[in-house]
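A.B. asks:
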Amino acid sequence: MTENTFLLSGELIEGGHRLVQRVYYEDTDFSGLIYHARYLHFLERGRSDYLRCLGCEQSALLNADEEGLVFVVHRMEIDFKQPARMDDILTIQTVTEKAGGAKMVLNQEIRRGETLLIAAKVVIAVINKHGRPRRLPETIAEKFLGHPL
């Protein structure tokens, strides 16, 4: 694998996950900068692929038992540091701060090289398929808190 070749779903790293994505024309506004709301898409891809790399497919979790297991964003704090532009290569990093009870807290960053563009703290509520809170199963919490590399 060359330095510029990355796995489609990213890779697990110490304490979290890393995903590399390119900024396309569809991500930008008339100024050529990435439209602010598009960062939410990149952050979501990072979280979804983190789950996937941990072996937690969201569709399988929904139907894993009678209750089902669903992750929904409860709160998100975002600091916009610098803009990205079309054709930039971005790295979305997701690190678990907390996983247990009926919530998870994930810290995410989007970088262009070493330059920090976005810092976000995301609180994820754990609910069942009927929209009621449920506890995160210990086996899943352990994956987020101490996955092997």
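If you count the sequence shown from 1, position 6 lands on 6 in UniProt numbering, and the numbers rise without skipping.
All C-beta atoms, glycine included, are put in the ideal place defined by N, C-alpha and C.
What residues are listed by DSSP as bridge partners for Lys129?
C.D. replies: Paired residue(s): none; Lys129 is not in a bridge.
A.B. asks: In this structure, what does DSSP give as the bridge partners for Gly100?
C.D. replies: According to DSSP, which records beta bridges pairwise, Gly100 is partnered with Lys103.
A.B. asks: Taking the alpha-carbon positions, what's the Leu116 to Leu43 distance?
C.D. replies: Their backbone Cα atoms lie some 14 angstroms apart in a straight line.
A.B. asks: Using the C-alpha atoms, what's the distance from Asp29 back to residue 150?
C.D. replies: The question about residue 150 has no answer, for the chain in this structure spans 1 to 149.
A.B. asks: What are the start and end residues of the beta strand (DSSP E) that includes Glu77?
C.D. replies: Start and end: Val70 to Phe80.
A.B. asks: I'd like to know whether the C-beta atoms of Tyr50 and Thr94 end up nearer to each other than 7 angstroms.
C.D. replies: It is a contact, given that the beta carbons lie within the stated cut-off.
A.B. asks: Got a sec, what are the start and stop residues for the alpha helix (DSSP H) His41 sits in?
C.D. replies: Element bounds for His41: Arg38 to Cys53.
A.B. asks: Within 10 angstroms of its Cβ, does Lys143 collect 16 or more other Cβ (buried), or is it exposed?
C.D. replies: Lys143 is buried by the Cβ-count criterion.
A.B. asks: Between Phe71 and the rest of its own chain, which residues show a CB-CB distance below 6 angstroms, the 5 nearest in sequence each way excluded?
C.D. replies: Result list for Phe71: Ile124, in chain order.
A.B. asks: Of the residues Ala60, Gly131, Leu7 and Ile13, which one's Cα is nearest the Cα of Leu145?
C.D. replies: Residue Ile13 is the option with its Cα nearest to Leu145.
A.B. asks: Among residues of its own chain, excluding the 5 on either side of His36, which ones have a beta-carbon nearer than 7 angstroms to its beta-carbon?
C.D. replies: The residues are Phe80.
A.B. asks: Would you tell me roughly how many angstroms separate the C-alpha atoms of Glu3 and Glu67, rounded to the nearest one?
C.D. replies: Note on Glu3: pLDDT 46, under 50, position unreliable in the model; the coordinate value appears next. Taking the straight line from one Cα to the other gives about 43 angstroms.
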